[in-house]
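Residue numbers (UniProt numbering): 1 to 270.
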């Protein structure tokens, strides 16, 4: 597996553990981060032996968001022409959005394990994941408002579907911090754990449960859930009918039914 500057990536059985690995910089998202995350999730998508992803942060914190030195470098490239500046900034924003789109578009379920700070761009990142879990003392904040800007890499687009419109507006307008307890109460995280060790163990266990299922069934389930974010119910019903017309012919269905009847654990091909 390739060496990365901003990440540590390892495959544990059928699970890819993708860890942001800049603990001395509070896992701030530098230029390497934004480029490498696309490469990593392309590898995840292309590797049939990987069936689920656990995304975590090394050290005491998940991530403090975008590296301010990266923002400064972008600002230093701006000139005097407003039109050309706007063109350059828009191109850069779309480039950053593509990094988290790679997470959202991944065919495999992505589980985020969050401890310590999860601030600014880190909220954009976890919003692109399938599920989120945290320690009770984790700190979440949509911090962009305190920097004089609107969040622009996915938080405002994805988070309302996770925690609801009203709560998203409160957090986005105020920038206030919430802990793991409140994050669980509003649905930002599915479950909380007492410390980082039990968090990672718990999330890896959930990922292992998913990885043991039919990859054809998991893929189809995620595709249908994603599709329904932007379509009507009748559109979704038509899509799943067409999808399953093919997928119900998979060998996985026969294996799953036989295992259920014999009360044995099925083994599915990649």
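Here a beta-carbon is modelled for each residue, glycine too, at the ideal position from N, C-alpha and C.
- Bounds of the beta strand (DSSP E) holding residue 139 are 139–141.
- In the DSSP assignment, residue 73 falls within the unbroken alpha helix (DSSP H) covering 68–76.
- Given a length threshold of 3 residues, the segment 193–223 has no whole run of the beta strand (DSSP E) inside it.
- With a cutoff of 8 Å on beta-carbon distance, residue 227 and residue 236 are scored as near each other.
- Taking the C-beta atoms as reference points, residue 24 is found no nearer than 8 Å to residue 5.
- Here DSSP, grouped into helix, strand and coil, assigns residue 134 to strand.
- For residue 56, the enclosing beta strand (DSSP E) stretches over residues 52–57.
- Nearest Cα to residue 20 within the set 175, 65, 104: 65.
- Around the Cβ of residue 260, a 10 Å sphere holds fewer than 16 other Cβ atoms; the residue is exposed.
- According to the DSSP assignment, residue 39 belongs to the alpha helix (DSSP H) that extends over 31–46.
- Only exposed fits residue 233, as fewer than 16 other CB atoms lie within 10 angstroms of its CB.
- In this chain, residue 170 is not harboured by any beta strand (DSSP E); it is covered by the alpha helix (DSSP H) spanning 165–174.
- From the listed residues 132, 162, 160, the smallest Cα separation to residue 190 is found for 132.
- Separation of residue 173 and residue 148 (C-alpha to C-alpha, rounded to the nearest whole angstrom) is 11 Å.
- For secondary structure counted as the beta strand (DSSP E) over 3 or more consecutive residues, the segment 71–131 holds these complete runs in sequence order: 110–114, 117–119.
- At the C-beta level, residue 152 and residue 175 stay beyond 8 Å of one another.
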